[in-house]
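Here the sequence shown is numbered in our numbering, starting from 1389 and rising by one per residue.
Note that CB positions come from ideal geometry on N, CA and C, so glycine has one too.
Values in this document were obtained by computation on a predicted structure and should not be read as measured data.
A short write-up of the structure that comes next.
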Amino acid sequence: MHIDDLILNVGQFLDEDTGVIVGSVEVNMLSDNMPINLENLTTVVDFNFHLYNMNYFSDPHQLPVITDELSDEEAYLINTLNETQAFFIHDHLVMTISDFNWSENYYSLENKMLILTKFIHYCKYNNYDYLALMVEKEIKKQVVETNVTEFPKVKQYEALGFERINIHQTPIMVKKLNGN
């Protein structure tokens, strides 16, 4: 898979009850040397996003209440960001992404980083300020039959310019996209 072979199909709507733009991205791969049309596209992954325009919210502390209506993962993400307070500044556009659903045989960490790179370009083009995500867990079974949760993928996100903003919980990674 090559980044130039990836096409992002983005759909979104404004949830007027929350003031949050809710969207999804379907990532398709173009078949080798074929013209772009629906028959020549293979869906690789789809994922969801939420976009927060901080000009819309008079009080950033209302965000945890709003995100509780969206999902537990989104509430955790926003609560963690809210604790740092650096991201919810007037004029910022903050995007969170979650719920990656991979098509069979396409998931690999390399492909995920490639798709994130393509999506980062999309976010920069749209002048979003921050991109945040939660690093997925990996459970490794030890010989003693205890489960240990590890987050080995943090380094790969850091290589893309993400910064971890919490230490004791499931890692939340944030990337500053544009100057502000």
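(request) Return the residue from the list Thr1406, Asn1566, Asn1515 that minimises the CA-CA distance to serine 1459. (result) Taking the sequence shown and counting its residues from 1, the one referred to as residue 1459 is at position 71. Nearest C-alpha to serine 1459: Thr1406.
(message) Just to confirm my understanding: we take isoleucine 1402, look at its own chain, exclude 5 residues before and 5 after, and list those with CB closer than 6 Å. What are they?
(response) Residue mapping note: residue 1402 aligns to position 14 of the sequence shown, counting from 1. In the sequence as presented, isoleucine is not what sits at residue 1402; that position holds leucine. Cβ neighbours of leucine 1402 beyond the five flanking positions: Ile1409.
(message) With the cut-off set at 8 Å, would you say isoleucine 1503 and leucine 1394 are in Cβ contact?
(response) Here residue 1503 is taken as the residue at index 115 of the sequence shown, counted from 1. Here residue 1394 is taken as the residue at index 6 of the sequence shown, counted from 1. Yes.
(request) Give the straight-line distance between the Cα atoms of valine 1562 and aspartate 1456, rounded to the nearest whole angstrom. (result) Counting from 1 along the sequence shown, the entry for residue 1562 is found at position 174. Counting from 1 along the sequence shown, the entry for residue 1456 is found at position 68. Approximately 20 Å, taken between the alpha carbons.
(message) Within 8 Å of any Cβ in chain C, is that where the Cβ of isoleucine 1409 sits?
(response) In the displayed structure, chain C is absent; only one protein chain is listed.
(request) Name, in chain order, the residues that DSSP records as bridge partners for alanine 1547. (result) If you number the sequence shown from 1, residue 1547 lands on position 159. DSSP output for alanine 1547 lists no bridge partner at all.
(message) Rounded to the nearest angstrom, what separates aspartate 1517 and lysine 1500 at their Cα positions?
(response) The residue labelled residue 1517 in the question sits at position 129 within the sequence shown. The residue labelled residue 1500 in the question sits at position 112 within the sequence shown. One C-alpha to the other measures close to 21 Å.
(message) Please state whether the Cβ-Cβ distance between threonine 1472 and isoleucine 1555 is less than 8 Å.
(response) Residue 1472 sits at position 84 when you count from the first residue of the sequence shown. Residue 1555 sits at position 167 when you count from the first residue of the sequence shown. Against a cut-off of 8 Å, the Cβ pair of isoleucine 1555 and threonine 1472 comes out as no contact.
(request) Determine the extent of the alpha helix (DSSP H) in which histidine 1509 is found, giving its start and end residues. (result) As a working mapping, residue 1509 is identified with position 121 in the sequence shown. That run of the alpha helix (DSSP H) goes 1497 to 1513.
(request) Buried or exposed for asparagine 1493, please, with buried defined as at least 16 other CB atoms from any protein chain shown within 10 angstroms of its CB. (result) Taking the sequence shown and counting its residues from 1, one reaches residue 1493 at position 105. It is exposed - the Cβ of asparagine 1493 has fewer than 16 other Cβ atoms within 10 Å.
(message) According to DSSP, simplified to helix, strand and coil, what is isoleucine 1395?
(response) Locating residue 1395 in the sequence shown gives position 7, counting from the first residue. Correct three-state label for isoleucine 1395: strand.
(request) Check whether the Cβ atoms of aspartate 1566 and asparagine 1515 sit closer than 8 Å, and answer yes or no. (result) Along the sequence shown, read from residue 1 onward, the residue named residue 1566 stands at position 178. Along the sequence shown, read from residue 1 onward, the residue named residue 1515 stands at position 127. According to the sequence provided, residue 1566 is asparagine. The question's aspartate does not apply to it. Taking 8 Å as the Cβ cut-off, asparagine 1566 and asparagine 1515 qualify as a contacting pair.
(request) Go ahead and pull the three-state DSSP assignment for isoleucine 1555. (result) Mapped onto the sequence shown, residue 1555 falls at position 167. The answer is coil: DSSP assigns isoleucine 1555 none of H, G, I, E or B.
(request) Run the CB neighbour count on tyrosine 1545, radius 10 Å, all protein chains shown included, and call it buried at 16 or more, exposed below. (result) Your numbering for residue 1545 matches position 157 in the sequence shown. Per the 10 Å Cβ criterion, buried.
(message) Under DSSP, the alpha helix (DSSP H) around asparagine 1443 begins and ends at which residues?
(response) Residue numbering aside, residue 1443 sits at position 55 when the sequence shown is read from its first letter. Unbroken run through asparagine 1443: none, as it is neither H nor E.
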